[in-house]
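Residue numbers (UniProt numbering), protein chains in the order written: chain F, 1 to 233; chain Z, 1 to 233. Note that the Cβ used here is the ideal one computed from N, Cα and C, for glycine as well. It should be emphasised that the depicted structure is a prediction, and the values quoted were computed from it without experimental measurement. Report on one structure; see the data block that follows.
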DNA sequence: CAGCTATTTGACGTTTTTGTGACAACATAA
DNA sequence: TTATGTTGTCACAAAAACGTCAAATAGCTG
């Protein structure tokens, strides 16, 4: 289960150490040295998980975590705190800010990878029933209804789940494989091309209400739900 | 929704951590360090929820849960198990004893509060004796009567409870399993498809009075009582 | 522009899910 | 007891959704 991980750590040596190990574990790591940049990146494309150093120049890790938790859109992203001190107090405060786990330096790569795996798995069944709204589309899992500017539209179960997933992970590119895993389920044996077909069905449903640029194709990579127009060269 | 919570945890530090957070979340917390005392307190005054540590000196949490489940009076009190990391397999057993949920240490206060909220909501006795009215249908539990635009119609007991439940939880989609739990009872052994049949009987009763779109099918999910028309096109 | 690859699209057969009528078991009341 | 009504289950019918393919189209590279 490879994941996109955002590593926020100012000390180059540690950054390197962590990045190497995570990459070896199959994850895709993006490195950042300060909280401000990190915040921008998170808003740009939600990572699957954030590794956040406790102490950072400028805005601290704690502060960043708090800010991310304050925003509806970034709230669900799991955060693991990297803390230098092993004090009980810090742990409490750290978790209080909304971190999902903490790990005390120095730590073994093995442990880090294990923790990440645990957090990612724990996050998985975190299916929220909360309504999602973006780009004029409103999707409510509890009533199983989708409406576009008041006008309601009907989707098959799979299209519904697909749209739900895309809307809860907006602005991010999802490969066909990822979509199959997250929308269809880990164990299904389905052609990747099938995703295309469902994307198309979803699109044509959305188009009937005038929304036609929400589900975007990223050639060679996958699909993306975005309220921003596609960037053209 | 503040609740009375009984916290059974022997380790002072964790007890403190949890208590502080729950109190901050508006709950009233009573702390106890062993199962025996806990049992006495529960019998004395039923709490709204019990947070129960898996491992306890003397009688274990599991054992306590089992005993509470065995008694008619204490059975309905929801229990959330606190388990230490790495007891994955035990989770199953824990749920088996009748726990409503479990949470693995270390956990974030945020997560704990959320779980508690979820369990309390799930357990909330939302069935009252008040008459319900929606979509031209009026249902009165106290007189056990249903009327559609004045015209009264007769339903079997099961259809009555089914309609009652649907009307008191309108617009929401209910899976067959949920309906079995809430209408038939928690642990009845009935085929899921039986729900379909009763839905059909309910529908045909309603149709005789001209109401035919109230009970809607949501393919792949379940059924829904709604006054809004099903989305078309 | 040509050649190539990736994606879109429409069609189609299959599978899954739901609707329906019938029936036997059971309870209840006359 | 019989008569009446309710309930759970089944088998089959109907409907909807699904996955796959192949042809058409679009995008990229040189």
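Query                                                                                                                                                                                                              : Result
Between the region 5-21 of chain Z and the region 214-223 of chain F, are three or more C-beta pairs nearer than 8 angstroms?                                                                                      : no
Alpha carbon to alpha carbon, how far is residue 59 (chain F) from residue 174 (chain Z)? Give it in angstroms, no decimals.                                                                                       : 46 angstroms
Give a single yes or no on whether residue 218 (chain F) has its beta carbon closer than 6 angstroms to a heavy atom of the ligand SAM.                                                                            : As for the ligand SAM, it is missing from this structure, which has no ligand bound.
Determine the extent of the alpha helix (DSSP H) in which residue 148 (chain Z) is found, giving its start and end residues.                                                                                       : Not the alpha helix (DSSP H): residue 148 (chain Z) falls in the beta strand (DSSP E), residues 145-148.
Nearest chain F C-beta to residue 175 (chain Z) closer than 7 angstroms, yes or no?                                                                                                                                : no
Are the region 127-137 of chain F and the region 182-198 of chain F in contact at 8 angstroms, needing three or more beta carbon pairs?                                                                            : no
Do you know how far the Cα of residue 221 (chain F) is from the Cα of residue 210 (chain Z)?                                                                                                                       : 52 angstroms
Write down the C-beta distance between residue 29 (chain Z) and residue 19 (chain Z) rounded to the nearest angstrom, noting that I regard them as a contact closer than 8 angstroms.                              : 5 angstroms
Would residue 78 (chain Z) pass as a contact of residue 119 (chain Z) if the rule is Cβ separation under 7 angstroms?                                                                                              : yes
Quick one: using the 10 Å Cβ neighbour count with 16 as the cut-off for buried, is residue 145 (chain F) buried or exposed?                                                                                        : buried
Flag residue 142 (chain F) as yes if its beta-carbon sits less than 7 angstroms from any beta-carbon of chain Z, otherwise no.                                                                                     : yes
Tell me where the beta strand (DSSP E) around residue 133 (chain Z) begins and ends.                                                                                                                               : 132-134
What are the partner residues of residue 32 (chain F), as DSSP defines its beta bridges?                                                                                                                           : F:8
Return the chain-ordered ranges of every beta strand (DSSP E) run that is complete within the UniProt domain "OmpR/PhoB-type" (129-227) of chain F and spans a minimum of 3 residues.                              : 132-134, 137-140, 145-148, 151-153, 215-218, 222-225
Taking beta-carbon pairs under 7 angstroms, can you tell me which members of the region 8-24 of chain Z lie near chain F?                                                                                          : 13, 17
Determine the DSSP secondary structure at residue 112 (chain F), reduced to helix, strand or coil.                                                                                                                 : helix
Answer yes or no: do residue 176 (chain F) and residue 191 (chain F) have a C-beta to C-beta separation smaller than 7 angstroms?                                                                                  : no
How many Å lie between residue 49 (chain F) and residue 197 (chain Z) at the Cα?                                                                                                                                   : 46 angstroms
Near residue 137 (chain Z), what residues of its chain come up, given a Cβ to Cβ distance below 6 angstroms and the 5 sequence neighbours on each side ignored?                                                    : 148
What is the residue span of the beta strand (DSSP E) that residue 51 (chain Z) lies within?                                                                                                                        : 49-53
Checking contacts by CB at 7 angstroms: is residue 136 (chain Z) closer than that to chain F?                                                                                                                      : no
Identify, in the order they occur along the chain, each residue of the same chain with its Cβ nearer than 8 angstroms to the Cβ of residue 208 (chain F), setting aside the five sequence neighbours on each side. : 153
Could you give the residue range of the alpha helix (DSSP H) that holds residue 64 (chain F)?                                                                                                                      : 61-70
Does any CB atom of chain Z fall closer than 7 angstroms to the CB of residue 157 (chain F)?                                                                                                                       : yes
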